[in-house]
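Residue numbers (our numbering), protein chains in the order written: chain A, 1 to 298; chain B, 1001 to 1314.
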């Protein structure tokens, strides 16, 4: 119950943490010449909100059996998760420099055998929700009061297995399970822009023409829509989702509209920044875009 | 005679009564696998997961992370073909304490034909680091394997057959990286696994009447089964035959051939099993004869090997 003894951070503190997280993602990937940028930046506000305000977790006790679980099903955004875990105290921030290097705890995709504090190994897409549902099922069987959160990408929902798990979670009324969709509207390459009203960015939305919220509702889920960059709103939505545990009700999906590459002028809405390595000039620009002078002065 | 699926569920019913960590997760084949018998007695330890094997494996990994010992029960072919990525990433790569009951493996699956015949599972899982693969000979060895798997922490794949075969006296020994000697002999060393061991016993009875003296070893564990154990067991023999209800590529035959190749001695390995071909739906006797796994057909292959000069293909 570590969070109970700590004052909740202010919205402004979370915003600054997210900006710092974005900077660490971009600069680490730039130094290490490997990593996925776009989805890491789109997910950052949510990851910071979860790890600093919502999840009942203590970095000094990563194996606490009663901790809230978190699974990054879109495992290619591992650098975002490692960054937030570092800021939260699971590992030294300096260790981010070992990302993707030999003998590192920070593998290209999250490996629970390497880094304490990871609840699942992910990488091959579509699999995290099933693991989270299994945790939620066994938690209920054992009378555990924690909540399991799983973050998925919108492109990831093209994997058929996701829908097996969506149906299963509904069948078992897993109200202790929360799926978070980082709906950034892009995937690695995707489809050519058709100029239609659903095309938010330079490639077509992974689910253009499909009402994902209605699909989830049809499967019996509690659907909440939110701006995935509005930290005060995210705090409210995630807290409310946690409070639904024990209601013998429906699992909750937080459908978060986000911008892939959020916060950096040259990556926002650019599918080509799914992965990529920033040049020194681009890093200088990102430093300005993210207001890092102000963030670092705090 | 108890079939392996009956033995599997009987042992789980016994274990579940004193260990509530033991669960059965069904991929909606409960009346085939006999998981339905478990559900009737321990409904609180049985979870129907429907016709969705990939999710089934993921659920099991999640439950195991909280200390459960879930048995994933479906046909072997759906585990090693449809849900292979999940078996690999979520279970084998994390060492999750998930047990796989691969039912209806091999050719004899009640007439379902090639779509359901798993003839590649041993090759696939033997190549997967972190996996344990047990291929019991009969009902008694199946029960021992279930007990072993529950006591062992980590992934286990238990290869089970649909139909009963004759019981095999394996001496009550079930241990990893071990070959059980079922018969002494001097002309040829025969190594078999799974329910094909019973048919091999029958084949060697036929050969004994024909004057062929065969040594017989049974492999219950295909993983771990080290090259050293195989080489030591083969000893000074120069004529080795493997027999399995599986493709001749990558299973027991592949394992033995790899081990023997590593020592550089002139030994011939004849691999009896399904050739590189799909099978079909047919009665058991037809399939065993057509695809070379009946006692008579196995005996013919062994006799041909013994009668050929080294250096010739068999």
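Yeah, the Cβ is synthetic: ideal placement off N, Cα and C, and Gly gets one too.
Sequence-distant Cβ neighbours of residue 216 of chain A in its own chain, meaning closer than 6 Å and more than five residues away, are 223, 253. A contact between stretches requires three or more CB pairs, one per stretch, nearer than 8 Å, and the stretch 1066-1073 of chain B meets this requirement with the stretch 1092-1103 of chain B. Secondary structure of residue 266 of chain A (DSSP, three-state): coil. Take the alpha-carbon of residue 1094 of chain B and the one of residue 1129 of chain B: they are about 11 Å apart. One finds 135, 138, 139, 142 in chain A with Cβ atoms closer than 7 Å to the Cβ of residue 1066 of chain B, taken in chain order.
The alpha carbon of residue 171 of chain A has as its nearest neighbour, out of A:259, A:251, A:109, A:67, the alpha carbon of A:251. Cβ contact annotation for residue 1249 of chain B (same chain, cutoff 7 Å, sequence separation greater than five): 1123, 1276, in chain order. For residue 1232 of chain B, the enclosing alpha helix (DSSP H) stretches over residues 1227-1234. Interface residue (Cβ-Cβ distance to chain B less than 8 Å): residue 243 of chain A is not classified as such. Residue-level contact by beta carbon fails for residue 253 of chain A and chain B, as no gap is shorter than 8 Å. Collapsing the DSSP output to three states places residue 228 of chain A in coil. Residue nearest to residue 1290 of chain B within the set B:1262, B:1206, B:1108, B:1190 is B:1108 (criterion: CA-CA distance). Put simply, of A:174, A:84, A:14, A:189 the residue whose alpha carbon is nearest the alpha carbon of residue 275 of chain A is A:189. Looking only at A:156, A:128, A:154, the smallest Cα-Cα distance to residue 177 of chain A is reached by A:128. In this structure the stretch 57-77 of chain A touches the stretch 147-166 of chain A; the number of beta carbon pairs closer than 8 Å is three or more. Among the residues of the stretch 57-83 of chain A, those with a Cβ less than 8 Å away from any Cβ of chain B are 65, in the order of the chain.
Its Cα nearest to that of residue 145 of chain A, the residue A:65 stands out among A:121, A:280, A:65, A:21. The beta carbon of residue 1310 of chain B sits closer than 7 Å to those of 1238, 1266, 1268, all from its chain and outside the five residues before and after it, given in chain order. Rounded to whole angstroms, the separation of the alpha carbons of residue 181 of chain A and residue 107 of chain A is 23 Å.
Put simply, the CB of residue 1028 of chain B is far from chain A, with every gap to its CB atoms at 8 Å or more. Note that the C-beta distance between residue 1135 of chain B and residue 1159 of chain B is below 8 Å. No Cβ-Cβ contact shorter than 8 Å links residue 1080 of chain B with residue 1223 of chain B. Look at residue 105 of chain A here: in three-state DSSP terms it is coil, with no helix or strand label.
For residue 1060 of chain B, the C-beta contacts it makes with chain A under 7 Å involve 134, in order along the chain. Distances from the alpha-carbon of residue 24 of chain A to those of A:140, A:287, A:117 put A:287 closest. Interface residue (Cβ-Cβ distance to chain A less than 8 Å): residue 1084 of chain B is not classified as such. Distances from the alpha-carbon of residue 1032 of chain B to those of B:1225, B:1140, B:1114, B:1162 put B:1162 closest. The continuous stretches of beta strand (DSSP E) do not include residue 1083 of chain B, and DSSP gives it neither H nor E. Excluding residues up to 5 positions away in sequence, 1242, 1248, 1253 lie with their Cβ nearer than 6 Å to the Cβ of residue 1271 of chain B in the same chain. For residue 1094 of chain B, the C-beta contacts it makes with chain A under 9 Å involve 111, 112, 113, 120, 121, in order along the chain. Against chain B, the CB of residue 131 of chain A has a partner CB under 8 Å away; the residue lies at that interface. DSSP places residue 116 of chain A outside both helix and strand once states are collapsed to three, so it counts as coil.
By the C-beta criterion, the stretch 1206-1213 of chain B is judged not to be in contact with the stretch 1109-1116 of chain B, since fewer than 3 inter-stretch pairs fall below 8 Å. Contact annotation for residue 168 of chain A against chain B: 1049, 1050, 1052, 1055, 1059 [CB-CB distance below 8 Å, chain order]. Taking CB atoms only, residue 165 of chain A has a neighbour in chain B less than 8 Å away. Where residue 179 of chain A is concerned, there is no enclosing alpha helix (DSSP H), although the beta strand (DSSP E) around it starts and stops at 177-183.
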